[in-house]
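The structure under discussion appears below in the form of structure tokens.
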Amino acid sequence: MNEPCSEPIDMSPVERAACLIQQADALIVAAGAGMGVDSGLPDFRGKDGFWRAYPALREAQIDFENIASPAAFHASPERAWGFYGHRLALYRETVPHRGFDLLRQWGDRMLHGLSVFTSNVDGQFQKPGFDQAHIHECHGSIHHLQCLEPCSQEVWLADSFQPDVDEQSCQLRNPPPACPACGGLARPNVLMFADWGWTDQRTEAQAKRQQAWLCAVTQPVVIELGAGTAMPTVRHFSRRVIHQHGGRLIRINPNDCTVPTRLDAGLPMGAADGLAAIAKVLGAEWSSAAPEGGDGGH
Numbered sequence: 004m005n006e007p008c009s010e011p012i013d014m015s016p017v018e019r020a021a022c023l024i025q026q027a028d029a030l031i032v033a034a035g036a037g038m039g040v041d042s043g044l045p046d047f048r049g050k051d052g053f054w055r056a057y058p059a060l061r062e063a064q065i066d067f068e069n070i071a072s073p074a075a076f077h078a079s080p081e082r083a084w085g086f087y088g089h090r091l092a093l094y095r096e097t098v099p100h101r102g103f104d105l106l107r108q109w110g111d112r113m114l115h116g117l118s119v120f121t122s123n124v125d126g127q128f129q130k131p132g133f134d135q136a137h138i139h140e141c142h143g144s145i146h147h148l149q150c151l152e153p154c155s156q157e158v159w160l161a162d163s164f165q166p167d168v169d170e171q172s173c174q175l176r177n178p179p180p181a182c183p184a185c186g187g188l189a190r191p192n193v194l195m196f197a198d199w200g201w202t203d204q205r206t207e208a209q210a211k212r213q214q215a216w217l218c219a220v221t222q223p224v225v226i227e228l229g230a231g232t233a234m235p236t237v238r239h240f241s242r243r244v245i246h247q248h249g250g251r252l253i254r255i256n257p258n259d260c261t262v263p264t265r266l267d268a269g270l271p272m273g274a275a276d277g278l279a280a281i282a283k284v285l286g287a288e289w290s291s292a293a294p295e296g297g298d299g300g301h
């Protein structure tokens, strides 16, 4: 077991974060919307941020809560799928920033590897090679579909759907995906606003796998990235891990990086910059492959 980090007065927050990573036996990545912003994904915080990304919805005075709802699919499938189809295509094309690779490399060096908890539906953690069995997408994934009704609890991949969206009007031009069971309209398998029809079996299975994994770790470190307080789901998860599993917290957030105790580390930075700063302190050894004999826990 590595020696505990020295008193906070002896080191900067970045140095403390590096020390916490070095002494942990497991890495828990807790990611909110800010994690994807550094990859160029739009920020939907506030009406202005959302409407900058979707001016056609500004013109129609449709805000995020109204378009991101099952009611929008019932009222105007072409517009609802114009919004979600555009996002699906964008997320497919987006290249995750370097911070994703750093997290995966750090987890590979730990006894129990890593696990991801994210409120993002963009599927960005799968692209750099994170093990799908260790990803918990608490709000679902836009890369999966379900029946709008729903007629069953089935969830299937959206790979065969190639949306053709008129961006000026935010309207889908080609036929929307259909439920293979009943032929009715399909929707993304994501938790929306006022959503009582979300099929959560895929997410529940992820949650059970993550909880079983957490029961085996003894000295975890949570790296929380881009998780705000307006939608505190990710922050609540971080708090639960710290209290129930004896973890320490590294909070990377440019707006609010306060941490519970002096033994934790808060970095007032964006996700990519914060992870790069920690990597610089850790050195080249922590950016290489897992040490011989380690299985990374994956």
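Residue numbers are given in my numbering: position 228 of the sequence shown equals residue 231, and the series is strictly consecutive. A virtual CB, placed ideally from N, CA and C, is assigned to each residue, including glycine. Since this is a predicted model, take the numbers as computed values, not measurements.
| task | Just grab the DSSP bridge partners of H147 for me. | result | L160
| task | Could you tell me which of H139, A287, P183 and V40 sits nearest to W216, measuring between CA atoms? | result | Considering only alpha carbons, the answer is H139.
| request: Would you mind giving the Cβ-Cβ distance between V124 and H142, rounded to the nearest angstrom? I have them listed as a contact below 8 Å. | output: With 8 Å as the limit, V124 and H142 qualify as a contact, their Cβ atoms being about 6 Å apart.
| said: Can you list, in chain order, the residues of its chain with a C-beta nearer than 6 Å to that of C106? Leave out the 5 residues immediately preceding and following it. | reply: The identity of residue 106 in the sequence shown is Leu, whereas the question assumes Cys. Cβ within range, chain order: V32.
| Hey, S118 and G35: beta-carbon distance below 8 Å or not? | no
| query | Alpha carbon to alpha carbon, what distance is there between V40 and Q203? | reply | Contrary to the premise, residue 203 reads as Asp rather than Gln in this sequence. Spanning the two alpha carbons is a distance of roughly 26 Å.
| How would you label L160, buried or exposed, when you count the other beta carbons within 10 angstroms and need 16 or more for buried? | exposed
| query | If we call anything under 8 Å between Cβ atoms a contact, is N192 one with L148? | reply | Yes, Cβ-Cβ distance for N192 and L148 is below 8 Å.
| To which residues of the same chain is S290 closer than 8 Å at the C-beta, ignoring the five residues directly before and after it? | Within the same chain, and ignoring the five residues on either side of S290 in sequence, the residues whose Cβ sits closer than 8 Å to its Cβ are L105, Q108 and A282.
| request: Identify the continuous beta strand (DSSP E) that holds A233 and give its terminal residues. | output: Unbroken run through A233: none, as it is neither H nor E.
| In the structure shown, what three-state DSSP assignment does R82 receive? | helix
| task | Mind checking which residues open and close the alpha helix (DSSP H) that includes F67? | result | F67 to I70
| query | With a Cβ-Cβ cutoff of 8 Å, do V220 and D28 count as a contact? | reply | yes
| message | Could you tell me the alpha carbon to alpha carbon distance between P153 and C182, rounded to whole angstroms? | response | Cα to Cα, the separation comes out at about 9 Å.
| message | I'd like the list of long-range same chain contacts for G52, defined as Cβ closer than 6 Å, with 5 residues on each side in sequence excluded. | response | So the list reads D46, once near-sequence residues are dropped.
| Hey, G88 and V17: beta-carbon distance below 8 Å or not? | Contact annotation: G88 and V17 have beta-carbon atoms that are not nearer than 8 Å.
| task | Please report the Cβ distance between R90 and I145, rounded to the nearest whole angstrom; I am assuming they are in contact, meaning their Cβ atoms lie under 8 Å. | result | 6 Å
| request: Compute the Euclidean distance between the alpha carbons of A63 and R95, then round it to the nearest angstrom. | output: Cα to Cα, A63 sits roughly 27 Å from R95.
| query | When burial is assigned at 16 or more other CB atoms within 10 Å of the CB, is P178 buried or exposed? | reply | exposed
| field | Contacting residues, own chain, Cβ-Cβ under 6 Å from H137 (five flanking each side not counted) | value | If we look at H137 and ignore the five residues flanking it on each side, its Cβ neighbours are S118.
| message | Quick check: what's the CA-CA separation for G186 versus E170? | response | 27 Å
| What does DSSP give as the partner residues of R251 in its beta bridges? | V224
| Minimum C-alpha distance to V262 - residue among R205, A275, D198 and V225 | Taking V262 as reference, the option from R205, A275, D198 and V225 with the minimal CA-CA separation is V225.
| query | From F86 to F196, what does the alpha carbon distance come to, in whole angstroms? | reply | 15 Å
| When burial is assigned at 16 or more other CB atoms within 10 Å of the CB, is A274 buried or exposed? | buried
| query | Is Q174 helix, strand or coil by DSSP? | reply | strand
| query | The beta strand (DSSP E) with R205 in it runs from where to where? | reply | First-last for R205: Q204 to L217, but that is the alpha helix (DSSP H), not the beta strand (DSSP E).
| message | Distance check for A210 and S252, CA to CA, integer angstroms please. | response | The displayed chain sequence assigns Leu, not Ser, to residue 252. Their backbone Cα atoms lie some 20 Å apart in a straight line.
| query | Is Q135 near S42, with beta carbons less than 8 Å apart? | reply | no
| According to the neighbour-count rule (16 or more other Cβ atoms, all chains shown, within 10 Å of its Cβ), is P58 buried or exposed? | exposed
| query | Over what stretch of residues does the alpha helix (DSSP H) that includes E140 continue unbroken? | reply | Per DSSP, E140 belongs to no alpha helix (DSSP H); it is in the beta strand (DSSP E), I138 to E140.
| message | With the cut-off set at 8 Å, would you say E227 and I255 are in Cβ contact? | response | yes
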